[in-house]
Every structure is written in structure tokens, then in C-alpha cells.
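In terms of the numbering used here, the sequence shown opens at residue 339 and continues consecutively. Shown next, in C-alpha cells, is the structure this report addresses.
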Amino acid sequence: MAIRTAIAVANPNIAFIKYWGNRDHALRIPCNGSISLTLGGLETQTTVTFDENLTSDHVFIDDRSASASTSARVSQHLDRIRLIAGFKYCAKVESRSNFPVGAGIASSASAFAALTVAGTSAAGLSLQPIELSRIARLGSGSACRSIFGGFVEWHANETDEDSYAEVLAPSNHWDLQDLIVIVNQEHKGVGSTEGHALADTSPLQNARVADAPRRLKECRRAILDRDFPSLASITELDSNLMHAVMLTSTPSLMYWYPETLQIMNEVTRWRAEGYEVCYTIDAGPNVHCICTRKYADRIEKRLRRLPGVIQLLRASPGNQARVL
Ligand code: PMV
339 MAIRTAIAVA NPNIAFIKYW GNRDHALRIP CNGSISLTLG GLETQTTVTF DENLTSDHVF
399 IDDRSASAST SARVSQHLDR IRLIAGFKYC AKVESRSNFP VGAGIASSAS AFAALTVAGT
459 SAAGLSLQPI ELSRIARLGS GSACRSIFGG FVEWHANETD EDSYAEVLAP SNHWDLQDLI
519 VIVNQEHKGV GSTEGHALAD TSPLQNARVA DAPRRLKECR RAILDRDFPS LASITELDSN
579 LMHAVMLTST PSLMYWYPET LQIMNEVTRW RAEGYEVCYT IDAGPNVHCI CTRKYADRIE
639 KRLRRLPGVI QLLRASPGNQ ARVL
């Protein structure tokens, strides 16, 4: 092996039932299962080149050298792949995404899914999707869901071997749209890795986790039956529960901006008018407005008229992470 290279592409995902808090931080075994939609149209493309002439890993994100902490996290992930492949060659990693990174659009999900697929392929490994999902999970929890397309469930479970994601329904099952309203493009202050570690300091986390099986069941049923009103209420409840935990952690995490709250209010008002739309928010100020295709154009127009909207991205059900 002198030089081996592979390119992979992966989509981010948006969780209806969210992952927040770990049972095991090092292995990223979550406190609760989660369900998401893989977001087609938004993507991270990553090239991994193992080169026996390199003496250290080199990581570039959008053509710039990555920070020391990001490079270390990528190298640690490559170590997992090198261990399985049984070699120690260093690599050049070049990654680029077509959406703002670090602002609550799960960029780490598409980044670590693409890194896992490109890295294992460049290493000459041929792994089953469940294996890829487990490896991706070690880089970033939500990345285990981005290995798959469509509607995806991550089974929390308790060990490294059985904590992985699987397809709940394929991408053509239900043509939901995600209108992602960007109200702030800056990189978030407290990233999700640090945030997960704070979840247990909230007195609300135990109640949130204890009720998760009920929410997962309701969400699964709503997706399989294409029941939008049920999906909307369980998705908004789950997002509000996660943000309640964030707000009541020590230190307290407050990701919302005034514009975030305004969009949440408008979306619930529009739903009361009969529009099929609901909101969900990750660890950032931007709002994901999930809607059925029938209402998407009208909702997009209304969202674009709101003050403070910097950019609006639109995603449709996406496909699994793949080698190009
Ligand atoms: O995978 P991480 O560590 O970036 O955590 C993701 C956390 C949320 O996006 C807030 C929720 C989720 O399930 O995607």
C-alpha cells in the first residue's frame, strides 16, 4: 500500500426524537433511543487518502487547515479505522459541506458518517452498514443515523456492539420537507459533545429519559402511518423537553435567539390554521420546520417574510452515506 484514497458523501439528519446525554461518554452510548430523517440536498463530501509517506494526519475543512481540536478528533476516528485495518499509515482528509457548520444542522453527523465511509473504504475494508453505523457513532453519536437514508432509528442499547441505527422506513415512504431557517451562522458556543456531558446535571433529564420509550413508540407509529398531526405534536414535545433539560443544566445552555422563539410561535399558529408544519431545534438557534410537500411552498414564502431570517435551506428525504 503506497497511497489509497476514497471519496464518500453523507447527508446530515434531523431528529424528531432527540439524543441528549450519554450512558457512556467515551463510547457514546446514549441515554435514550432516537429517530431522525436523513436530509437530502445538504451534504458533506470527504476524501481520505492514506499515504505511507505522511508522518502525521492532515485535516482540511473547506480548503482550510482544521483547528487542533478538530484535527485531534478526526485522527482519533482514523485510529479506530486503522486498528480494524491493522496498519498505521497517516492520512490526508479533505472535507467540505454545502451548509453552515456548527449551527444546529448536525454537521458532525454528516461529517463523521462521510469520514467513516471514506476512511474504511480507503483502508480496503468492506463493512456492513450496521458496522459502519457503530463506528460512526464513536465519532459523533448522531452520525450513526446518517449512515442510512430515509427515516432512521438509533437503538440506544447498552454496549458498543449493539448501539447502532437502522432504517425505519425508506426515503420514498413519506415526502416530508425540512425548511431550515438560519437566524445565526456563527459556530455555537457549547458544542453537543460538551452539552451531552451536562445533561445529567439537569433535574429534568431523568424524567425526559424515562418517558422516551413512549415518545419513540408514538413517533414510530406516526411515521409508519404518515400521521402528520401526531408526528407534529410528539416532535415539538421532544424538542421542548431537550431544550428544557439544556436550560436547567449547570451551567445553563440557552441556544435560542429572539428570532428562534418568533418562528416557533408562528409555526404553531400556522398549524392551528390547518397547515401541516411543526418545528424542531437542535443545539443551535436555527429552526427546522418540518412540513408535508403539499404545504412546503406556502410555508417557505411565509418564513422568508419573517424578520431576522438570514438564509433558508430546503431538504427532502435523503439517501444513505455512500462511496463516490
Ligand atoms: O451527535 P452529536 O453529539 O452532535 O449530538 C446531536 C445532538 C442533537 O442534534 C441536539 C440531537 C440529535 O439527536 O441529533
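Every residue, glycine too, gets a C-beta built ideally from N, C-alpha and C.
Any chance the CB of Asp-500 is under 7 angstroms from a heavy atom of the ligand PMV? Here residue 500 refers to the residue found at position 162 when the sequence shown is read from its first residue. No; taking the cut-off as 7 angstroms, the Cβ of Asp-500 has no heavy atom of the ligand PMV nearer than that.
Environment of Glu-614 [buried if 16+ CB atoms lie within 10 Å]: Start at 1 with the first residue of the sequence shown, and residue 614 comes out as number 276. Buried, since its Cβ has 16 or more Cβ neighbours within 10 Å.
Straight-line Cα distance separating Lys-430 from Arg-643: Here residue 643 refers to the residue found at position 305 when the sequence shown is read from its first residue. Here residue 430 refers to the residue found at position 92 when the sequence shown is read from its first residue. Spanning the two alpha carbons is a distance of roughly 43 angstroms.
Could you say which of Leu-380, Ser-459, Arg-402, Ser-405 lies nearest to Ala-346 if we only look at CA atoms? Looking up residue 346 in the sequence shown gives position 8. Comparing Cα-Cα distances from Ala-346 to each of Leu-380, Ser-459, Arg-402, Ser-405, the minimum goes to Ser-459.
Around the Cβ of His-363, are there at least 16 other Cβ atoms within 10 angstroms (buried) or fewer (exposed)? Numbered from 1 along the sequence shown, position 25 holds the residue referred to as residue 363. Exposed.
Around the C-beta of Ala-545, are 16 or more other C-beta atoms found within 10 angstroms, so that it is buried, or is it exposed? Sequence index remark: in the sequence shown, residue 545 carries index 207 (1-based). Flag for Ala-545 reads exposed.
Taking the C-alpha atoms as reference points, what is the distance between Leu-651 and Asn-624? Taking the first residue of the sequence shown as 1, we reach residue 651 at position 313. Taking the first residue of the sequence shown as 1, we reach residue 624 at position 286. The straight-line gap from Cα to Cα measures roughly 11 angstroms.
With hydrogens ignored, establish whether the beta-carbon of Ala-481 is closer than 7 angstroms to any heavy atom of the ligand PMV. Position 143 of the sequence shown, counting from 1, holds the residue named residue 481. Checking every heavy atom of the ligand PMV against the Cβ of Ala-481, one is found closer than 7 angstroms.
On the criterion of 16 or more Cβ atoms from any shown chain inside 10 Å, does Val-661 qualify as buried, or is it exposed? As a working note, residue 661 is residue 323 in the sequence shown. Classification of Val-661: exposed, given that the 10 Å Cβ count is below 16.
Local conformation of Arg-383 per DSSP, three classes: Here residue 383 corresponds to residue number 45 of the sequence shown, with the count starting at 1. As written in the sequence, residue 383 is Gln, which differs from the Arg given in the question. It is a strand residue.
Any chance the segment 495-505 sits against the segment 570-582, with 3 or more Cβ pairs inside 8 angstroms? no
Three-state secondary structure assigned by DSSP to Lys-639: Residue mapping note: residue 639 aligns to position 301 of the sequence shown, counting from 1. Helix at Lys-639.
Taking the Cβ atom as the reference point for each residue, do Ile-373 and Cys-557 lie within a distance shorter than 8 angstroms? Start at 1 with the first residue of the sequence shown, and residue 373 comes out as number 35. Start at 1 with the first residue of the sequence shown, and residue 557 comes out as number 219. Yes, the Cβ-Cβ distance between Ile-373 and Cys-557 is below 8 angstroms.
Give me the Cα-Cα distance between Cys-627 and Gly-533, rounded to the nearest whole angstrom. Stepping through the sequence shown from its first residue, residue 627 is reached at position 289. Stepping through the sequence shown from its first residue, residue 533 is reached at position 195. Between Cys-627 and Gly-533, the C-alpha separation is close to 23 angstroms.
For a quick check, are the C-beta atoms of Ser-471 and Cys-482 less than 8 angstroms apart? The residue labelled residue 471 in the question sits at position 133 within the sequence shown. The residue labelled residue 482 in the question sits at position 144 within the sequence shown. Yes, the pair counts as a contact, with Cβ atoms nearer than the cut-off.
With 16 other Cβ atoms within 10 Å as the buried cut-off, status of Pro-551: Numbered from its first residue, the sequence shown carries residue 551 at position 213. Exposed, by the Cβ-count rule.
For Leu-517 and Ile-352, which I take to be in contact (beta-carbon distance under 8 angstroms), what is that distance rounded to the nearest angstrom? The count along the sequence shown starts at 1 and reaches residue 517 at position 179. The count along the sequence shown starts at 1 and reaches residue 352 at position 14. So it is not a contact: roughly 11 angstroms between Cβ atoms.
In angstroms with no decimal places, state the Cα-to-Cα distance between Ala-461 and Phe-388. Counting from 1 along the sequence shown, the entry for residue 461 is found at position 123. Counting from 1 along the sequence shown, the entry for residue 388 is found at position 50. One C-alpha to the other measures close to 7 angstroms.
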